[in-house]
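For the sequence shown, my numbering begins at 92 and goes up steadily by one. Yeah, the Cβ is synthetic: ideal placement off N, Cα and C, and Gly gets one too. This one's a predicted model, so the numbers in the text were calculated from it and none came from an experiment.
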Amino acid sequence: MIDVTNGNLTKPLLKLAIPFIMAMLVETVMNLTNMFFVSRLGSEAIAAVAFCGTLLMLTATIIEGMSSAVLAIVSRRVGEGDRNGANEVTIHTIIICIVTSLVISIAGYYAAAPLMRVLGATPSVFQFGIHYTQISFLGIFSMFFLFTIQAIMRGAGEPIYPVAILASSALLNIIFDPLLIFGIGPFPKLGVSGAAIATVLARTLASSAGLFILFKGKTYIKPTFTNLKLKNDIFINIIRIAFPAMGRMSLTSISRIALMKIVSIFGTSAIAAYGISLRFDMVAFLPGLGFAAATSTVVGQNLGAKKPERAEKVTKIALYCNFIVAGFLAAVFLLFAGEIVSVFDKSTEVLSMGKMYIYIVAPTYLFMSARLVFNGSLRGAGDTFSSMIISLISLFVIQIPIAYILANYTPLSMNGVWISLASVNIFEAIMLGYWFQKGNWKTIIF
C-alpha cells in the first residue's frame, strides 16, 4: 500500500495514476481486438454486439456508481486508520454486488429479446445478437466484481493488483476470443456467442483472483464473513454516494444519444466523423482518467486522516501533471489532424469534418483534463451530487441546445456540434473549479 497521507504527494500520485492509465490502455486494446474478431463474422455480428452494448449501458452506470462510492468510503476509512471499517465496507459492497447482479442477470436474460426488437434489430441481427446478449447478462456478475474489486483496492492505495486484474482479464479475453468464436483446436465454433462467453469467462477468472487477493489479505483490506453484522448505515452511505454518480453517467449516455440524433440529419459521413471524434476523446481521456482515479484515492485518504490541505494540494498537482499531458496531446492532434483522421476514414467529407473537430475541440483539452481531475477529487470526497448537477446543466442547458441551434439554424452545420463539445469542456472545468475552490467537499461526513 502506498502511503499518501505523509510526505511528498507527487510521487505517490504518479505511482497510482500511471498503472491505472496502463490498465485502461490494455482494456482499450482488448475492446478493439474483440471487435476485430467479431467483425470477421460480418456486419450483422458487429451490429449485434452494438445492440448488446446499448442494452448494457444501464448496467455500466450502476457499476460506475458502485465503484465511485466504494472507492470514496474505503479510502476515507483507510485514511482514518480504520482497517476494520474498510473491511466492513468491502463485505457490504460484495453483498450489494451479488444481489444487484442477480436481479439484473435474470431481468436482462428475459428482457433481451423484446428490448432488441424495440431497438429495431433486423431478423438477421436478432439471430446473431439474442444469445450474445443473454450470455452477457447471465455473466454480468463478473463485470460487477471485476470493477468494484479494483475500486476497493485503489481506495486502499494499492496500485499494482488492480492493473494486474484488469490486464489479466483483457489478455485472457484476447486468447479466448479466437478459440471460441472460430472453434480453433478442441474448442467448439460458437460464433458471436463465443465472444460473449470469452468475455464472461475472462472476467470471472480475473475477478475470482481479485477476491482471492482480498480475502487472503494481500492488500490493506482483508474482509471476512465471520461474525458478520450487516449495518444499515454502511448500505445507506454506499447508495447515497453511488446514486448521483449513476445519474451523472446516465446523463452522459442520454446526451450522446441526443447528439447522435442531431448529427444524423447530416448523413452517413457526419455520423462517421462523430464516431471518429469519440475515438479521439477516448485517447485524450485516458491520462485524465488515470490522474482523476489517483486523485480520488489521495483525497479520500487525506480527508480521512483529517488533512484536507493535502487533499487540496494533490488536486492542484494532478492538474499541473494533466495539463502537461493534455497540452502535448492537443499539440500532436493539431499538428497531424489530417493524418490522424485519415487512419480511420480517407473520404473527403469525413476527413474535412474530422479535421474541424480537432481544430475546434483539441484546444479545449486543457479544460477537459481539469474537469476530469476536479471530478475525481470531488468523487474521492464523496461529493458526487455536485458533479451530477453540474453535468446536468452543462449537457442539457449548454451542450444539446448549442449543438441543436448552431447545427440547424446557422451555416456552421456540423461545426456547431463540435463547438458544443468544446463549450462543455470549458463550462464544466470552470464550474467544477469554482465548486472545488469553495471547499464544501472538505466537510462531507460518511
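Residue range of the unbroken alpha helix (DSSP H) whose run includes residue i
i	result
P492	491-500
R131	Careful: R131 lies outside any alpha helix (DSSP H) and carries neither H nor E.
F316	Element bounds for F316: n/a, residue is neither H nor E.
V508	505-529
P335	323-355
S433	428-435
L100	From DSSP, L100 is part of no alpha helix (DSSP H); its letter is neither H nor E.
E249	Careful: E249 lies outside any alpha helix (DSSP H) and carries neither H nor E.
L229	214-229
M207	174-209
T475	475-484
I449	439-452
Nearest neighbour of residue i, chosen from the options [CA to CA]
i	options	result
L512	S346, L380, M121, F382	S346
L483	E403, I348, L342, I517	L342
I496	A138, N328, L350, S299	L350
K437	A300, S360, D94	S360
L302	K313, L292, A293	K313
S387	S215, I221, G473, A364	G473
M92	I481, R174, L319, V354	R174
L237	S298, L104, A160, P399	S298
D94	F427, S130, G172	G172
N357	V416, A498, T124	Residue identity differs from the one stated: residue 357 is Phe in this sequence, not Asn. Closest by alpha carbon: A498.
A428	A453, I195, N413, Q490	A453
V423	K446, C412, R401	K446
V390	A300, V374, T534, L486	T534
E430	I449, N413, C412	I449
Q528	E400, L420, T290, I332	E400
L292	K352, I112, D324, A261	A261
T317	P110, A141, E179, V405	E179
F465	F371, I408, P103, M157	I408
P103	C188, L229, A384	A384
I189	V120, I154, L210	I154
Y223	L210, A139, G98, I186	A139
L321	M373, T184, I415	T184
Cutoff 7 Å; reference residue i; Cβ partners in own chain excluding five residues on either side
i	result
V169	A177, G246, A247, G248, Y311, Q392, G395
K269	Residue identity check: residue 269 is Pro in the sequence provided, not Lys. Closer than 7 Å at the Cβ level, and outside the excluded window around P269, lie F128, I275.
S477	L469, W526
I221	A203, A204, M207
W532	L469, A472, D474
A461	L410, A520, G524
I366	Ile is not the amino acid found at residue 366; the sequence shown has Gly there. Excluding positions up to five away in sequence, the list is empty.
G285	L271, I272
I489	S514, V515, F518
S355	I362
S504	F357, A498
M113	V254
L420	A375, Y456
I288	I226, L271, L281
L210	F142, T145
Whole-angstrom distance between residue j and residue i, CA atom to CA atom
i	j	result
E403	T213	53 Å
A108	G507	34 Å
S166	T501	49 Å
M522	K280	52 Å
S259	I348	32 Å
F235	L305	15 Å
T96	K398	8 Å
T315	I182	7 Å
G199	Q225	7 Å
L426	S159	36 Å
N122	F382	22 Å
P250	G144	29 Å
I231	L319	26 Å
I491	M479	16 Å
M337	I256	24 Å
I265	L116	14 Å
A494	G379	25 Å
M148	S344	8 Å
T191	S233	12 Å
F326	I536	15 Å
N328	L100	28 Å
V432	L369	12 Å
G530	G467	15 Å
Beta-carbon proximity list for residue i, same chain, < 6 Å, skipping 5 on both sides
i	result
P253	Q241, M244, R245
A546	There is no way to answer for residue 546, as the model of the chain reaches only from 92 to 537.
E135	S215, V216, F219
R339	S478, M479, S482
G156	A333, A336, M337
Cβ neighbours of residue i in the same chain (closer than 8 Å, five flanking residues each side left out)
i	result
L132	F219, I272, G282, V283
R208	F217
Residue i: CB within 6 Å of a non-hydrogen atom of the ligand SAM
i	result
L426	In the structure shown, the ligand SAM is absent, as is every other ligand, since no ligand is present at all.
Chain D within 7 Å of residue i, Cβ atoms only
i	result
I265	Protein chains in the displayed structure number just one, and chain D is not present.
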